[in-house]
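Undergrad: One structure, pasted below without further comment.
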Ligand SMILES: *[C@@H]1O[C@H](CO)[C@@H](O)[C@H](O)[C@H]1NC(C)=O
Ligand SMILES: *[C@@H]1O[C@H](CO)[C@@H](O)[C@H](O)[C@H]1NC(C)=O
Ligand SMILES: *[C@@H]1O[C@H](CO)[C@@H](O)[C@H](O)[C@H]1NC(C)=O
Ligand SMILES: *[C@@H]1O[C@H](CO)[C@@H](O)[C@H](O)[C@H]1NC(C)=O
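In mature numbering (1 follows the signal peptide of the UniProt record, and there is no 0), the protein residues as written are -27 to -1, 1 to 437.
Put into structure tokens, the structure is as follows:
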């Protein structure tokens, strides 16, 4: 009698509690201030996915020289001699940057977004972020707010955002996101607002915000990756846009954003933090972050004169992934397609290598969380993740761990088991007193190696 009384009052409490929570969930309205915007939990798919691909493709892909900052380094306030000379040596004096656009001429049979998407899926990445407008101002969709400087009016004469997003979305594993630059180097409206110490907002209300609403309403991206902070976040009206994005937009449930919403927001506010390019802090971060890194170490946009030594090795790429996810980050790996819309074979190879590695080791990557320790306390080149659902800790080992391999951080129990992901039999080990483990690595023949680079030890049922 007493017992059933307790359980029915529990039932009532649970019922009341649940309806209270669901009412609250429906009524959450984010307000246009950072405290409220920052309180929104990141949709779980983003942390679970861990790996994205960044695509820098625009008019800067036509000169494909120096970097995607080509225009600014040619005609900005502090020109690069190399870029100025490149223009002097190769073009007539009256040639303008806008003249490059006509050669951004994707052709049938060469540019094939389905082929891109097949590569992205094979890479094991879980999301794509396409540059839809860089600081040059050229929009890769037919924007109403970028007359004659968009991919339908000049150059490709196609909607590149529509084409890439629909190809990507054919793969259930892939989500589609957009990169968009707030400011534009040479836009007269922006320069005028800046001259007025950002007290006027003609550029923001005439260009930046209308474009952002148009992008989100038309293409429904799952990521809005903002960039080009140059101006206070109040000037950009960022919190107003984000409150709309989170409360009312067609992607309010799924969308994830970054932190580049104006001076003052970077590394502090928004969704995940990017802080600076190649952000790889090496220590545990309480807030989710993203390490945006590139396959060509010298440029985000394609360069025709890239040397092999400029291209990151698969070993270094995988090491970056391990370090980043161990510390609560995602990685966003950049590739710059050619002006023709081709992903050069060296970049395709890196992405497919990553996919082959993930097909063996993905268990330690997707859905993982940082562990108590990020890297081993004694052995260098070892980074950890964990899966609570599998009672497992994973050690990513940069160099092949032959013989007796010591890890100082794990604390074994009588139930502990050690395996090498992709290798069929479990490995023997010796626990070391209070903490630490020596794993006895068998002499595995080369043709039975589970993968070629960065191996993953799975250690289950630890005491810590
Ligand atoms: C997408 O990639 C996964 C591996 O991550 C693979 O199993 C699947 O077959 C691929 N899908 C297609 C349609 O190629
Ligand atoms: C900005 O101000 C300077 C002088 O203070 C002027 O020379 C320049 O033309 C102005 N630029 C714009 C875009 O208004
Ligand atoms: C811009 O921001 C101000 C201050 O937050 C707000 O009052 C105004 O409504 C915003 N304008 C637009 C068009 O969002
Ligand atoms: C673990 O990582 C930190 C931060 O990068 C580094 O300072 C430390 O040396 C690493 N530990 C080992 C044993 O390599």
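Even glycine gets a Cβ: it sits at the ideal position worked out from N, Cα and C. Values in this document were obtained by computation on a predicted structure and should not be read as measured data.
Excluding the 5 residues flanking residue 234 on each side, which residues of the same chain have their C-beta closer than 6 Å to its C-beta?
TA: Within the chain shown, the letter at position 261 stands for residue 234. Cβ within range, chain order: 199, 206, 211 and 243.
Undergrad: With DSSP collapsed to three states, give me the class of residue 365.
TA: Mapped onto the chain shown, residue 365 falls at position 392. It is a strand residue.
Undergrad: Would DSSP call residue 239 helix, strand or coil?
TA: On the chain shown, residue 239 is found 266 positions in, with the first residue counted as 1. Reduced to three states, the DSSP call for residue 239 is coil.
Undergrad: Got a sec: does ligand 1 put a non-hydrogen atom nearer than 6 Å to the Cβ of residue 22?
TA: Mapped onto the chain shown, residue 22 falls at position 49. Checking every heavy atom of ligand 1 against the Cβ of residue 22, none is found closer than 6 Å.
Undergrad: Which class does residue 414 belong to by DSSP, given the choice of helix, strand or coil?
TA: For the purposes of this step, residue 414 is taken as residue 441 along the chain shown, with counting starting at 1. Strand.
Undergrad: Note down, in chain order, each residue of its chain lying with its Cβ closer than 7 Å to the Cβ of residue 420, except the 5 sequence neighbours on either side.
TA: In the chain shown, residue 420 corresponds to position 447, counting from 1. The answer is none, since no qualifying residue turns up.
Undergrad: If the criterion is Cβ atoms closer than 7 Å, does the pair residue 309 and residue 274 meet it?
TA: Taking the chain shown and counting its residues from 1, the one referred to as residue 309 is at position 336. Taking the chain shown and counting its residues from 1, the one referred to as residue 274 is at position 301. It is a contact, given that the beta carbons lie within the stated cut-off.
Undergrad: Using DSSP with H/G/I as helix, E/B as strand and the rest coil, what is residue 322?
TA: Here residue 322 corresponds to residue number 349 of the chain shown, with the count starting at 1. Three-state result, residue 322: helix.
Undergrad: Do residue 193 and residue 154 have their beta-carbon atoms positioned less than 7 Å apart in this structure?
TA: Taking the chain shown and counting its residues from 1, the one referred to as residue 154 is at position 181. Taking the chain shown and counting its residues from 1, the one referred to as residue 193 is at position 220. Contact flag unset, no.
Undergrad: Are the Cβ atoms of residue 25 and residue 218 separated by less than 7 Å?
TA: On the chain shown, position 52 is the one that residue 25 refers to. On the chain shown, position 245 is the one that residue 218 refers to. No.
Undergrad: Would the region 341 to 349 and the region 65 to 72 be scored as touching if the rule is three or more Cβ pairs under 8 Å?
TA: Short answer: they don't touch.
Undergrad: Look up residue 177 in the DSSP assignment and say whether it is helix, strand or coil.
TA: For this step, residue 177 is matched to residue 204 along the chain shown. Three-state DSSP puts residue 177 in a helix.
Undergrad: Put residue 217 into one of helix, strand or coil per three-state DSSP.
TA: On the chain shown, residue 217 is found 244 positions in, with the first residue counted as 1. In this structure, residue 217 counts as helix in the three-state DSSP scheme.
Undergrad: Does DSSP classify residue 24 as helix, strand or coil?
TA: For this step, residue 24 is matched to residue 51 along the chain shown. Strand at residue 24.
Undergrad: Which parts of the region 137 to 205 are runs of the beta strand (DSSP E), unbroken and 3 residues or longer, counting only runs that do not cross its ends?
TA: As far as the region 137 to 205 is concerned, its whole beta strand (DSSP E) runs of at least 3 residues are 148 to 154 and 196 to 200.
Undergrad: Measure the alpha-carbon distance for residue 382 versus residue 409 and round it to whole angstroms.
TA: In the chain shown, residue 382 corresponds to position 409, counting from 1. In the chain shown, residue 409 corresponds to position 436, counting from 1. Their Cα atoms are separated by approximately 6 Å.
Undergrad: Taking the DSSP output, what are the residues bridged to residue 106?
TA: Here the question's residue 106 lines up with position 133 in the chain shown. For residue 106, which the question treats as bridged, DSSP gives the partners 112 and 153.
Undergrad: Measuring from the CB of residue 348, is there a heavy atom of ligand 4 at a distance below 6 Å?
TA: In the chain shown, counting from the first residue as 1, residue 348 sits at position 375. Yes - ligand 4 has a heavy atom lying nearer than 6 Å to the Cβ of residue 348.
Undergrad: For residue 97, verify whether its CB is less than 6 Å away from any heavy atom of ligand 1.
TA: Start at 1 with the first residue of the chain shown, and residue 97 comes out as number 124. True, at least one ligand heavy atom lies under 6 Å from that Cβ.
Undergrad: Let me confirm a value: residue 351 is counted as buried when at least 16 other C-beta atoms fall within 10 Å, else exposed. Which label applies?
TA: Residue numbering aside, residue 351 sits at position 378 when the chain shown is read from its first letter. Label assigned to residue 351: exposed.
Undergrad: Starting from residue 356, trace the beta strand (DSSP E) in both directions and tell me its first and last residue.
TA: On the chain shown, residue 356 is found 383 positions in, with the first residue counted as 1. Where residue 356 is concerned, the enclosing beta strand (DSSP E) stretches over 355 to 360.
Undergrad: Since I believe residue 34 is in contact with residue 77 (beta carbons under 8 Å), could you give me their beta-carbon distance rounded to a whole number of angstroms?
TA: To locate residue 77, count along the chain shown from 1; it is residue 104. To locate residue 34, count along the chain shown from 1; it is residue 61. Going by Cβ atoms, the distance from residue 77 to residue 34 rounds to 7 Å, so yes, they are a contact pair.
Undergrad: How many Å lie between residue 363 and residue 373 at the Cα?
TA: The sequence position of residue 363 within the chain shown is 390, counting from 1. The sequence position of residue 373 within the chain shown is 400, counting from 1. Spanning the two alpha carbons is a distance of roughly 25 Å.
Undergrad: Does ligand 4 have even one heavy atom less than 6 Å from the beta-carbon of residue 353?
TA: Working through the chain shown from its first residue, we reach residue 353 at position 380. Checking every heavy atom of ligand 4 against the Cβ of residue 353, one is found closer than 6 Å.
Undergrad: Where do the N-terminal and C-terminal ends of the alpha helix (DSSP H) with residue 297 fall, by residue?
TA: Counted from its first residue, the chain shown places residue 297 at position 324. Run containing residue 297: 287 to 299, per the alpha helix (DSSP H) assignment.
Undergrad: Could you tell me if the beta carbon of residue 85 falls within a distance shorter than 6 Å of some heavy atom in ligand 1?
TA: Along the chain shown, one-based indexing puts residue 85 at 112. Residue 85: no, Cβ never under 6 Å from ligand 1.
Undergrad: Go through its chain and collect everything with a Cβ distance to residue -26's Cβ below 6 Å, but skip five positions before and after it.
TA: One-based indexing of the chain shown puts residue -26 at position 2. In this predicted model, residue -26 has a pLDDT of only 36, less than 50, meaning its place in the structure is not dependable enough to derive any value.
Undergrad: Tell me the DSSP bridge mates of residue 269?
TA: Locating residue 269 in the chain shown gives position 296, where the first residue counts as 1. DSSP output for residue 269 lists 284 as bridge partner(s).
Undergrad: Return helix, strand or coil for residue 100, following the three-state DSSP convention.
TA: Within the chain shown, the letter at position 127 stands for residue 100. Strand, per DSSP.
Undergrad: Quick check: the Cα distance between residue 266 and residue 149, rounded to an integer number of angstroms?
TA: Here residue 266 refers to the residue found at position 293 of the chain shown. Here residue 149 refers to the residue found at position 176 of the chain shown. For residue 266 and residue 149, the distance between alpha carbons rounds to 18 Å.
Undergrad: For a quick check, are the C-beta atoms of residue 395 and residue 333 less than 7 Å apart?
TA: By 1-based counting over the chain shown, the position of residue 395 is 422. By 1-based counting over the chain shown, the position of residue 333 is 360. Taking 7 Å as the Cβ cut-off, residue 395 and residue 333 qualify as a contacting pair.
Undergrad: Strictly under 7 Å for the Cβ-Cβ distance: is residue 82 near chain B by that measure?
TA: Among the protein chains of the structure shown there is no chain B, as only one such chain exists.
Undergrad: What are the uninterrupted segments assigned as beta strand (DSSP E) that are 3 or more residues long and contained completely in the region 362 to 410, given in chain order?
TA: List check, beta strand (DSSP E) in window: 365 to 370, 376 to 380, 390 to 393 and 401 to 404.
Undergrad: Pick helix, strand or coil for residue 7, following the three-state DSSP scheme.
TA: Here residue 7 is taken as the residue at index 34 of the chain shown, counted from 1. The answer is helix: DSSP assigns residue 7 an H, G or I state.
Undergrad: Does the region 166 to 179 touch the region 131 to 141, meaning 3 or more C-beta pairs lie closer than 8 Å?
TA: Taking 8 Å as the limit for Cβ pairs, the verdict is that the region 166 to 179 does not touch the region 131 to 141.
Undergrad: CB of residue 179 to nearest heavy atom of ligand 4: below 6 Å?
TA: Translated into the one-based positions of the chain shown, residue 179 becomes position 206. No - ligand 4 has no heavy atom lying nearer than 6 Å to the Cβ of residue 179.
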